[in-house]
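Enquirer:
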Amino acid sequence: MRKKYLWVIFSVLLIIYILFFPSATAELAVRKDLFFTLHPIKAFSNSIHEGKIKNDSRYGDLYEVEGINSSFIYVKKSTLGWRVTSNGTAP
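All letters in the sequence shown, in the order written, are residues 0 to 90 by numbering that gives the first Met the number 0.
#1: Can you tell me whether R82 is helix, strand or coil according to DSSP?
#2: Using CA coordinates, which residue listed in V74, F43 and I67 is at the minimum distance from L61?
#3: Applying the criterion that 16 or more other CB atoms from any shown protein chain within 10 Å of the CB defines a buried residue, is R57 buried or exposed?
#4: Spatial neighbours of G66 within its chain, please: C-beta separation below 7 Å, excluding the five flanking residues on both sides.
#5: Taking C-beta to C-beta, are E63 and S69 nearer than 8 Å?
#6: Measuring alpha carbon to alpha carbon, tell me which residue in R82, I52 and L5 is nearest A28.
#7: Tell me the residue span of the beta strand (DSSP E) that contains L61.
#8: In terms of alpha-carbon separation, which member of K76, H38 and W6 lies closest to A23?
Below you can see the structure in the form of structure tokens.
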């Protein structure tokens, strides 16, 4: 019974970490954003490319995703990892 509670606690903590903490890489941050904006299949199947804009002081780095409406996604690095700052249809 105690093992079951430990697994439940571990699972809840893992889900909280995945949902709320920044990602380890920029591509993973983009894929996580796609997954949670109701594109779960495209998050794993579409290709992600680095854009031409790097180190923008307001938004961060540009990444482009093929096959979705809001195909331009900006990610910015913090001390904990990468986080999506903005997304839209044009840079």
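We put the beta carbon where it would ideally sit given N, CA and C, even for glycine.
Expert: Judging by the given coordinates:
#1: The residue labelled residue 82 in the question sits at position 83 within the sequence shown. In this structure, R82 counts as strand in the three-state DSSP scheme.
#2: What you label residue 61 is simply residue 62 of the sequence shown in a count that begins at 1. For L61, the closest alpha carbon among the candidates V74, F43 and I67 is that of V74.
#3: Along the sequence shown, read from residue 1 onward, the residue named residue 57 stands at position 58. Classified as exposed, R57 has fewer than 16 neighbouring CB atoms from the shown chains inside 10 Å of its CB.
#4: On the sequence shown, position 67 is the one that residue 66 refers to. Only K41 and N45 meet the Cβ criterion.
#5: As a working note, residue 63 is residue 64 in the sequence shown. As a working note, residue 69 is residue 70 in the sequence shown. Not closer than 8 Å, so no.
#6: Along the sequence shown, read from residue 1 onward, the residue named residue 28 stands at position 29. The residue with the shortest Cα to Cα distance from A28 is R82.
#7: The residue you call residue 61 lines up with position 62 of the sequence shown. Boundaries of the beta strand (DSSP E) harbouring L61: D60 to V64, taken from the DSSP string.
#8: Indexing the sequence shown from 1 puts residue 23 at position 24. Cα-wise, what sits closest to A23 is K76.
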